[in-house]
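Numbering (our numbering), first residue to last: 153 to 490.
What follows is the structure, encoded as structure tokens:
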């Protein structure tokens with residue numbers, strides 16, 4: 153463990169994540185009145201916050217698990233309980249370890265419980281991320297496209313959609329072209345890694361047929377990002393004296409906060425998304441006239457509920473699975489170096 157920890161500390165991605173986190177914290181705290189932040193949190197209706205945000209965060213884990221079941225059931229038969237436990241444990245590890253190791257962990261946990269292949273299940277995790285990108289871009293156009301000129305994002309939105317279509321229907325041809333281009337412009341180690349990721353994504357797509365399964369994946373994706381996750385931001389917005397003008401603007405603020413945070417947490421950072429989460433909330437609410445101090449209070453409460461809920465759910469799932477956190481973390485370190 154000591155040797156692997158020393159190797160991890162030499163990984164430049166970890167130092168990049170720490171640098172991004174420190175920069176995000178400095179960016180967030182500029183011109184902040186800590187007295188105002190403390191006063192706002194002190195005035196917050198914590199019972200309302202917990203009543204809305206905690207169930208919404210727990211529900212988000214269940215919806216992710218149900219969607220993943222439809223994405224991965226072609227690999228091996230599985231139950232929703234198995235995908236929930238793997239999802240909760242994966243997010244627990246994401247909150248404790250850098251480099252999004254939890255994404256590898258949840259594929260491994262599900263593979264161990266169901267007897268499926270870890271590589272094939274990780275392909276469905278990659279596919280899940282691409283679907284999330286498409287759905288979030290769609291929501292961005294619907295929610296803020298009429299208010300903000302999204303410009304180049306209109307073009308960017310079609311890239312993952314076109315990529316999914318090509319990889320679904322012409323996988324070998326696209327993989328061959330991508331391999332040639334990758335080896336031409338990237339070092340061999342990076343090109344080989346890109347080849348493996350694309351092949352795993354193609355494997356995930358291979359089992360996603362049309363009809364009922366595709367409809368279920370689409371439905372759960374829009375339930376997740378269109379209903380459940382916005383509620384996790386709506387709770388702290390309601391609980392704080394932010395002063396938005398009515399339910400419509402509060403809902404709009406919830407969606408915009410969600411979109412900003414979704415982009416921010418995709419950036420390499422320290423475990424648990426500290427700093428980048430708060431910076432995203434501050435920037436999301438600023439155009440709505442919310443002061444930086446109130447926005448930071450909202451981000452702090454939202455992040456705290458998110459982090460604690462996911463850690464508790466992950467710890468309970470870990471216990472019910474009969475696993476030990478130390479074994480999981482050791483396995484995660486080995487997989488991350490593969």
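Beta carbons: idealized from backbone N, C-alpha and C, even for Gly.
Next item on the list: Since I believe residue 367 is in contact with residue 180 (beta carbons under 8 Å), could you give me their beta-carbon distance rounded to a whole number of angstroms?
Entry: By 1-based counting over the chain shown, the position of residue 180 is 28. By 1-based counting over the chain shown, the position of residue 367 is 215. Incorrect: roughly 40 Å between the Cβ atoms, too far for contact.
Note to self: Going by DSSP, what residue range makes up the alpha helix (DSSP H) through residue 430?
What the structure shows: Taking the chain shown and counting its residues from 1, the one referred to as residue 430 is at position 278. Per DSSP, residue 430 belongs to the alpha helix (DSSP H) from 428-437.
Check: Can you tell me where the alpha helix (DSSP H) with residue 238 in it begins and where it stops?
Finding: Position 86 of the chain shown, counted from the start, is the residue given in the question as residue 238. Residue 238: member of the alpha helix (DSSP H) spanning 232-246, first to last residue.
Next item on the list: Note down the Cα distance separating residue 150 from residue 438, rounded to an integer number of angstroms.
Entry: An answer regarding residue 150 cannot be provided, because it is not within the stretch 153 to 490 covered by the chain.
Notebook entry, point to check: Shortest alpha-carbon distance to residue 378 belongs to which of 407, 388, 398?
Noted result: Taking the chain shown and counting its residues from 1, the one referred to as residue 378 is at position 226. Here the closest residue by C-alpha is 407.
Check: DSSP state of residue 442, grouped into three classes?
Finding: Taking the chain shown and counting its residues from 1, one reaches residue 442 at position 290. Looking at residue 442 - three-state DSSP - the assignment turns out to be coil, as it is neither helix nor strand.
Checklist line | Contacts around residue 168, its chain only, beta-carbon distance under 7 Å, and the 5 residues preceding and following it disregarded | finding: Position 16 of the chain shown, counted from the first residue, corresponds to residue 168. Answer for residue 168: 420, listed in chain order.
Checklist line | Ordered list of alpha helix (DSSP H) runs contained in the segment 374-415, each at least 4 residues | finding: Restricting attention to alpha helix (DSSP H) runs no shorter than 4 residues, the segment 374-415 encloses them at 381-391, ordered along the chain.
Item checked: Three CB pairs or more closer than 8 Å across the segment 219-235 and the segment 191-201 -> no
Next item on the list: Pull up the distance between the alpha-carbon of residue 334 and that of residue 412, whole angstroms please.
Entry: Start at 1 with the first residue of the chain shown, and residue 334 comes out as number 182. Start at 1 with the first residue of the chain shown, and residue 412 comes out as number 260. So the alpha carbons of these two residues sit roughly 31 Å apart.
Check: Between residue 176 and residue 466, is the Cβ-Cβ spacing less than 8 Å?
Finding: Residue 176 sits at position 24 when you count from the first residue of the chain shown. Residue 466 sits at position 314 when you count from the first residue of the chain shown. Contact flag unset, no.
Item checked: Sequence-distant residues of its chain with Cβ nearer than 8 Å to residue 473 (five each side left out) -> Numbered from 1 along the chain shown, position 321 holds the residue referred to as residue 473. Cβ neighbours of residue 473 beyond the five flanking positions: 237, 241, 261, 265.
Next item on the list: Identify whether residue 337 lies in helix, strand or coil by the three-state DSSP scheme.
Entry: If you number the chain shown from 1, residue 337 lands on position 185. Residue state, collapsed to three classes: helix.
Item checked: Bounding residues of the alpha helix (DSSP H) (the contiguous stretch that carries residue 421) -> In the chain shown, residue 421 corresponds to position 269, counting from 1. Where residue 421 is concerned, there is no enclosing alpha helix (DSSP H), given that its DSSP letter is neither H nor E.
Check: Under the three-state reduction of DSSP, which class applies to residue 325: helix, strand or coil?
Finding: As a position in the chain shown, residue 325 is number 173, starting the count at 1. Residue state for residue 325 is assigned as helix, using DSSP reduced to three classes.
Check: Would residue 393 pass as a contact of residue 192 if the rule is Cβ separation under 8 Å?
Finding: Position 241 of the chain shown holds residue 393. Position 40 of the chain shown holds residue 192. Cβ atoms of residue 393 and residue 192: closer than 8 Å.
Check: In terms of residue numbering, what span does the alpha helix (DSSP H) encompassing residue 207 cover?
Finding: As a first step, residue 207 must be located in the chain shown, where it is residue number 55. Per DSSP, residue 207 belongs to the alpha helix (DSSP H) from 198-224.
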